[in-house]
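Residue numbers (my numbering): 10 to 289.
All remarks here apply to the structure that follows.
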């Protein structure tokens, strides 16, 4: 029996095929666009992002409960211990469903976190390396919690439309942001919540603000940066220009997963940072 199994969901930015290549379990979040359901990480991502732009009705939901249950059961039978790393409990009920189903097994651990994209993948690979080096699952969970606290993500939407539709912004804040035509720079905090750290009148100003914030974590040059970008080429070119001006170099770049784009818009982007890790 293998020592440690890892289950991720599509918030990682991986496709099902990519996850399977890494021998990870994979749970696709579901996206409903104008009444049709798509499987994030299985159906074509660029096609889904394009459809989101023109959609009248868009929703997200957890993976099918039967799939969560069967995936957890399969991994619990094949590995001494299993860790599920997925979307934050503040953003989705998926983690709650997984935690309840994990109670059926004494070797499955569901880790709440605020990782996104490559952060999730690196955290998973890091956990595997620690396990292969003989670390106990309890110690690995402590290391993952520390890593979560040392990582952060800043997100900028091109428009407020999707955040308002998704209920992420309401009341007075909704009124102010729509009337003043400003863009928030959002921080995905360690506790899984999302909050504004500043308002900018232009997209260029918002990109510069996000760049400055994410680079402020790297005083000792022990951090690395990751980019999650949308499908708006004008926005992506402005990101490249600003990153070049600031000397911001990304370790990798991913296209926004559909489950994120539903709430932020397919043009939104995110800068994330986390400690450099030895993954092999």
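Glycine is no exception: its CB is placed at the ideal position from the N, C-alpha and C atoms.
Note that this is a predicted model, so its numbers are computed, not measured.
For residue i, three-class secondary structure by DSSP
i, result
"residue 168", "coil"
"residue 200", "coil"
"residue 283", "strand"
"residue 207", "strand"
"residue 261", "strand"
"residue 237", "strand"
"residue 56", "helix"
"residue 117", "strand"
"residue 299", "With the chain covering only 10 through 289, there is no way to say anything about residue 299."
"residue 191", "coil"
"residue 151", "helix"
"residue 12", "strand"
"residue 141", "helix"
"residue 46", "strand"
"residue 20", "helix"
"residue 212", "helix"
"residue 39", "strand"
"residue 32", "coil"
Environment of residue i [buried if 16+ CB atoms lie within 10 Å]
i, result
"residue 332", "Nothing in the structure corresponds to residue 332, since the chain is present only between 10 and 289."
"residue 156", "buried"
"residue 250", "exposed"
"residue 158", "exposed"
"residue 151", "exposed"
"residue 59", "exposed"
"residue 66", "exposed"
"residue 87", "exposed"
"residue 168", "exposed"
"residue 241", "buried"
"residue 142", "exposed"
"residue 184", "For residue 184, the pLDDT reaches just 47, beneath the cut-off of 50, and the residue's location in the model is therefore unreliable, although a value from the coordinates is still provided. Residue 184 comes out exposed."
"residue 283", "buried"
"residue 34", "buried"
"residue 206", "exposed"
Nearest to residue i (by Cα), restricted to the options the options
i, options, result
"residue 136", "115, 171, 93", "93"
"residue 15", "53, 140, 239", "140"
"residue 19", "150, 121, 28", "28"
"residue 13", "89, 238, 197, 245", "89"
"residue 122", "241, 267, 72, 203", "203"
"residue 111", "256, 96, 79, 263", "79"
"residue 281", "113, 216, 45", "216"
"residue 62", "279, 267, 234", "267"
"residue 259", "244, 232, 57", "232"
"residue 115", "138, 131, 98, 84", "84"
"residue 51", "68, 128, 243, 21", "21"
For residue j and residue i, believed in contact at Cβ under 8 angstroms, the rounded distance
i, j, result
"residue 104", "residue 119", "6 angstroms"
"residue 192", "residue 212", "6 angstroms"
"residue 53", "residue 40", "Contact flag wrong, Cβ pair sits at about 12 angstroms."
"residue 209", "residue 218", "6 angstroms"
"residue 238", "residue 273", "So it is not a contact: roughly 12 angstroms between Cβ atoms."
"residue 256", "residue 100", "Actually they do not touch by this definition, with Cβ atoms about 31 angstroms apart."
"residue 36", "residue 76", "6 angstroms"
"residue 130", "residue 38", "The Cβ separation is near 16 angstroms, so there is no contact."
CB contact below 8 angstroms: residue i versus chain B
i, result
"residue 199", "The structure shown has no chain B; it contains just one protein chain."
Length at least 3, wholly inside the stretch 61 to 110: the beta strand (DSSP E) runs in chain order: Uninterrupted beta strand (DSSP E) stretches at least 3 residues long and entirely within the stretch 61 to 110 occur at 67 to 70, 88 to 94, given in chain order.
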